[in-house]
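Read through the structure below, which is laid out as structure tokens, and then see the notes.
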Amino acid sequence: MIQDANSRSFWTGFVGGWAAYCGLLLTFELGAQPGVLRPVLMAVVNTLPHATVAAIIALYRRRLLRPEWSTARTLGVHAVVGLAYAVTASALLIVVTEATGLRTGEMADLTPWMQFFMITLSGLVLYVIFIGFLMWSESVRRVQESYEAAAREAVLRAEAEARALRAQFNPHFVFNTLHSLMLLVRADPAAAERAIEDVATLIRFASIVQRRDLDTVPLAKELEVARRYVDLEQLRLEERLRVEWRIDLDPARFSIPAFSLQTLVENAIKHGIEPQVGGGSVVV
Numbered sequence: 091m092i093q094d095a096n097s098r099s100f101w102t103g104f105v106g107g108w109a110a111y112c113g114l115l116l117t118f119e120l121g122a123q124p125g126v127l128r129p130v131l132m133a134v135v136n137t138l139p140h141a142t143v144a145a146i147i148a149l150y151r152r153r154l155l156r157p158e159w160s161t162a163r164t165l166g167v168h169a170v171v172g173l174a175y176a177v178t179a180s181a182l183l184i185v186v187t188e189a190t191g192l193r194t195g196e197m198a199d200l201t202p203w204m205q206f207f208m209i210t211l212s213g214l215v216l217y218v219i220f221i222g223f224l225m226w227s228e229s230v231r232r233v234q235e236s237y238e239a240a241a242r243e244a245v246l247r248a249e250a251e252a253r254a255l256r257a258q259f260n261p262h263f264v265f266n267t268l269h270s271l272m273l274l275v276r277a278d279p280a281a282a283e284r285a286i287e288d289v290a291t292l293i294r295f296a297s298i299v300q301r302r303d304l305d306t307v308p309l310a311k312e313l314e315v316a317r318r319y320v321d322l323e324q325l326r327l328e329e330r331l332r333v334e335w336r337i338d339l340d341p342a343r344f345s346i347p348a349f350s351l352q353t354l355v356e357n358a359i360k361h362g363i364e365p366q367v368g369g370g371s372v373v374v
């Protein structure tokens, strides 16, 4: 898509640039000759040969603007191509003006070789301007392509991270909760039953997320998962774990990556609460 847009922008700029050049020639011719038709024809005739050869070069612009080329090679290639452009456009211009008789007064007074030299010299100047436009256009294209590649990479990385979160939830969850349940079944069967219900809810949620390959889930559901996880962790850490919930918005209106909140809570407990003898507080 970006390449198509770049191509349209390039050719729009190409046509616009040569139209501006033709308009500049027309301004000079209108000031030097009476009438309108002949100055218009002269401006068009003096523009078309240069624009035609430039269009042919533009079709191969990416072969002439290689970022891997050295400066010396780039200058050498464009010196040859620029000279070929100027000579070819000059020869075409002389043939057309001789055939139509649409020559400027200054050129009519010069010998054919001097005409060729002057037109070739002006062609070299036009090529320098033209190649500057090509280089600018290619730079814009490469920058846009790099942005597009970076955006694709960011999306792929986010998807990979989401898959990793979903994949790593079950091992952490099963290991921690099974250990707590083993201790709880004999000590407090009622609490163990509630904990088993929490475990079932979390496993069911994890199964749905993995089966449907969900990247995001409603914030309300993510909060429920986090609360269930906290309840299970409190069975293990007891009074050492204190959690404060501050929900100042409507969770039903928002979606977040699956297990992202639970993972944050898990990391806070694992790295912030467990190492402390007296425990601590987690604010969500």
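Note that the working numbering has the sequence shown beginning at 91, numbered continuously upward.
Don't be surprised by glycine CBs; every beta carbon is placed ideally from N, CA and C.
>> Given this structure, state the Cα-to-Cα distance separating residue 125 from residue 110, to the nearest angstrom.
In response: 21 Å
> So, helix, strand or coil for residue 308, using DSSP?
Replying inline: In this structure, residue 308 counts as strand in the three-state DSSP scheme.
>> Please tell me whether residue 271 and residue 285 are closer than 8 Å, where the distance is taken between their beta carbons.
In response: With respect to residue 285, residue 271 sits close: the two C-beta atoms are nearer than 8 Å.
> Among 346, 347, 324, 339, which residue has its Cα nearest to the Cα of residue 370?
Replying inline: 324
> Is the beta carbon of residue 342 less than 8 Å from the beta carbon of residue 306?
Replying inline: no
> For residue 334, which beta-bridge partners are listed by DSSP?
Replying inline: Bridge pairing for residue 334: 373 [DSSP].
> What residues match up with residue 346 in a beta bridge as DSSP calls it?
Replying inline: 307
> Between the Cα of residue 101 and the Cα atoms of 288, 228, 244, 298, which residue gives the shortest distance?
Replying inline: 228
> residue 187: buried (16+ other C-beta within 10 angstroms of its C-beta) or exposed?
Replying inline: buried
>> Could you tell me the alpha carbon to alpha carbon distance between residue 216 and residue 239, rounded to whole angstroms?
In response: Between residue 216 and residue 239, the alpha-carbon positions lie close to 35 Å from each other.
> Three-state secondary structure (DSSP) at residue 205?
Replying inline: helix
> Assuming residue 145 contacts residue 112 under a Cβ cut-off of 8 Å, what Cβ separation, rounded to an integer in Å, is found between them?
Replying inline: Wrong, their Cβ atoms sit about 14 Å apart, outside the cutoff.
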